[in-house]
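Note that the protein sequences, when read in sequence, are chains A and B.
For what it's worth, this note's numbering labels the leading residue of the first sequence as 1, then goes sequentially.
For what it's worth, this note's numbering labels the leading residue of the second sequence as 1001, then goes sequentially.
Number of protein chains: 2
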Amino acid sequence: MDDFNIDNAIRKVPDFPKKGILFYDITSILADPPAFNYCIQKMNDLYANSSINAVAAIESRGFLFAAPFAIQNRIPLILLRKKGKLPGKTYAVKFKLEYGEDILEVHQADLNAGMNILLVDDLIATGGTIKAACELIEMGHGTVTEIFGVVGLPFLDYEKILEGYKTTTLINYQSEKTLAL
Amino acid sequence: MDDFNIDNAIRKVPDFPKKGILFYDITSILADPPAFNYCIQKMNDLYANSSINAVAAIESRGFLFAAPFAIQNRIPLILLRKKGKLPGKTYAVKFKLEYGEDILEVHQADLNAGMNILLVDDLIATGGTIKAACELIEMGHGTVTEIFGVVGLPFLDYEKILEGYKTTTLINYQSEKTLAL
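Shown next as structure tokens:
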């Protein structure tokens, strides 16, 4: 299990979504059952002895890893979605994107003070969306116990914006391989 | 297991996304581990003796049910996403919404002629998006073996547009309870 090479299962697409960006595509993991299973089992192993009792997923690729984790661990799955998608009463947080800003929402009913939450996304880059997700969870008095991403791009400095949170990724990519600015 | 009442786990939100519509919200299933597990186990039971060897999920709530099914059955998970989200070479199908139209895409590399596919979404209403998804899968020479939704709204006539496909839902709601037009 530990010698599985997840790098081989991640498709690298140059110039997406725009010229000069190398895109790390996790859909090729999903199409490869041993690779996808490896990711979920690694999550199970990482958090087996933690106090985590709920998992929160960032729309929409975060759903793909958080949903099997929720099922295997029999814990609630909380969705963090873009503005206007959740029908119930929500908390909302505005955050900056490269151009402009966006809003992330969570159902108020899905959060409570007893929750030790694993926050999941597929890829952690600048950490801006993840930080907004942490703020949302804390508005509902939940605790962000751990943050998980399949892929990390630490050269984009997410560790700085997520200081104080425990963040784990299965694989990191470095600057020279990912951006030709 | 069979006497689990999934209706209790589905939140009904009046006047969402607009006045007069009763919205069936499956996020309350996700927040309830026995309810979410019931759905995935029902999917496992339904298709245990089928020829299904891949599962396709419609963005983004379809991801939530298809991902655990893919993991538990060790089969490929294929994403059907809105235009511009998939970085690789895609097939695309245009389809009508209530107002205007939308485009659904799939990675060409994810499909092949040997695939007997379970197509998954959270809710089947008019069937328009599901029909577009079937066309996409067939462009890649895959076979849509079964269609699954947690919730069905048969009074919106999806059975007509999906004629020739085998469609299963865990619960159906009838007109008088859902629309006050």
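Just so you know, even glycine gets a beta-carbon here, dropped at the ideal spot from N, CA and C.
Taking 8 Å as the CB-CB cut-off, is residue i touching chain A?
i, result
"B:A1056", "no"
"B:D1045", "no"
"B:Y1148", "The amino acid at residue 1148 of chain B is misidentified as Tyr; the sequence shows Phe. Not closer than 8 Å to any Cβ of chain A, the Cβ of B:F1148 fails to qualify, so no."
"B:I961", "Limits of chain B in this structure are 1001 at one end and 1181 at the other, which puts residue 961 of chain B out of reach."
"B:L1136", "no"
"B:T1178", "Below a pLDDT of 50, predicted positions are generally treated as unreliable, and B:T1178, at 49, falls in that range; the measurement from the model is reported next regardless. No, no contact with chain A."
"B:L1181", "The predicted position of B:L1181 is uncertain, since its pLDDT is 36 and thus under 50; no value can be drawn from it."
"B:N1037", "yes"
"B:S1050", "no"
"B:S1060", "yes"
"B:D1007", "no"
"B:F1016", "yes"
"B:P1040", "Correcting the residue identity first, residue 1040 of chain B is Ile in this sequence and not Pro. Yes, B:I1040 counts as interfacial toward chain A."
"B:L1030", "yes"
"B:P1033", "yes"
"B:I1130", "no"
Shortest alpha-carbon distance to residue i belongs to which of the options?
i, options, result
"A:L153", "A:E146, A:S175, A:T167 and A:V144", "A:S175"
"A:C134", "A:T169, A:P76 and A:I161", "A:I161"
"A:P76", "A:G84, A:T90 and A:A57", "A:A57"
"B:H1141", "B:L1086, B:M1043 and B:I1117", "B:I1117"
"B:K1131", "B:A1113, B:D1157, B:A1109 and B:D1007", "B:D1157"
"A:E159", "A:G149, A:S51 and A:G127", "A:G127"
"A:E36", "B:N1049, B:A1070 and B:P1034", "Reading off the sequence shown, one finds Phe at residue 36 of chain A, where the question assumed Glu. Selected option, being the one with the closest Cα: B:A1070."
"B:D1007", "B:V1144, B:G1164, B:V1151 and B:E1163", "B:V1151"
"B:I1078", "B:H1107, B:L1097 and B:A1092", "B:H1107"
"B:G1114", "B:K1082, B:V1055 and B:K1085", "B:V1055"
"B:R1011", "A:V144, A:A109, A:L170 and A:K82", "A:A109"
"B:K1094", "B:T1129, B:Y1047 and B:E1163", "B:T1129"
"B:G1149", "B:I1124, B:E1163, B:K1082 and B:M1139", "B:I1124"
"A:L170", "A:A92, A:K42 and A:K83", "A:K42"
"A:T27", "B:K1085, B:V1013, B:A1048 and B:P1014", "B:K1085"
"A:T143", "A:K18, A:S50 and A:P34", "A:S50"
If residue i sits next to residue j, beta carbons under 8 Å apart, how far is it from one beta carbon to the other, in whole angstroms?
i, j, result
"A:I137", "A:L119", "7 Å"
"B:D1032", "B:A1009", "5 Å"
"B:D1122", "B:R1061", "4 Å"
"B:F1004", "A:A67", "Actually they do not touch by this definition, with Cβ atoms about 19 Å apart."
"A:I147", "A:Y165", "5 Å"
"B:E1101", "B:T1090", "At roughly 17 Å, the Cβ-Cβ gap does not stay under 8 Å, so B:E1101 and B:T1090 are not in contact."
"A:E59", "A:L80", "6 Å"
"A:C39", "A:F16", "Their Cβ separation, rounded to whole angstroms, is 22 Å, which puts A:C39 and A:F16 out of contact at 8 Å."
"A:T145", "A:I21", "Actually they do not touch by this definition, with Cβ atoms about 32 Å apart."
"A:Q72", "A:N44", "6 Å"
"B:T1167", "B:L1046", "B:T1167 to B:L1046, Cβ: 11 Å. No contact."
"A:P87", "B:F1023", "5 Å"
Please check if any C-beta of chain B sits within less than 8 Å of the C-beta of residue i.
i, result
"A:D121", "no"
"A:V151", "no"
"A:L64", "yes"
"A:A113", "no"
"A:A133", "no"
"A:I124", "no"
"A:L118", "no"
"A:P68", "yes"
"A:I71", "yes"
"A:V144", "no"
"A:D110", "yes"
"A:R11", "yes"
"A:F4", "no"
In the DSSP assignment, find the beta strand (DSSP E) that holds residue i and state where it starts and stops.
i, result
"A:Y91", "T90 to K96"
"A:E105", "E101 to H107"
"B:I1078", "L1077 to K1082"
"A:A66", "Run containing A:A66: none in the beta strand (DSSP E); it sits in the alpha helix (DSSP H), R61 to N73."
"B:L1118", "N1116 to I1124"
"A:K18", "Looking at the DSSP string, A:K18 is not in any beta strand (DSSP E), and its letter there is neither H nor E."
"B:L1170", "T1167 to N1172"
"B:A1057", "A1054 to I1058"
Return the first residue and the last residue of the alpha helix (DSSP H) that residue i is part of.
i, result
"A:T27", "T27 to L30"
"A:F148", "Segment T143 to G152 is the beta strand (DSSP E) holding A:F148; no alpha helix (DSSP H) there."
"A:P34", "P33 to L46"
"B:I1130", "G1128 to M1139"
"B:I979", "Here chain B comprises residues numbered 1001 to 1181, so residue 979 of chain B is not present and cannot be evaluated."
Output, in chain order, the set of chain C residues within a Cβ distance shorter than 7 Å of residue i.
i, result
"A:D25", "Included in the structure are the protein chains A and B, with no chain C among them."
Taking 7 Å as the cut-off, does the CB of residue i come closer than this to any heavy atom belonging to the ligand MN?
i, result
"A:V150", "Absent from the structure shown: the ligand MN. Ligands present: none."
Q: Anything in the stretch 1087-1108 of chain B with a Cβ closer than 7 Å to a Cβ of chain A? List those residues in chain order, please.
A: P1087, G1088 and H1107
(Q) At a CB distance below 9 Å, what residues from the stretch 161-173 of chain A approach chain B? Give them in sequence order. (A) none
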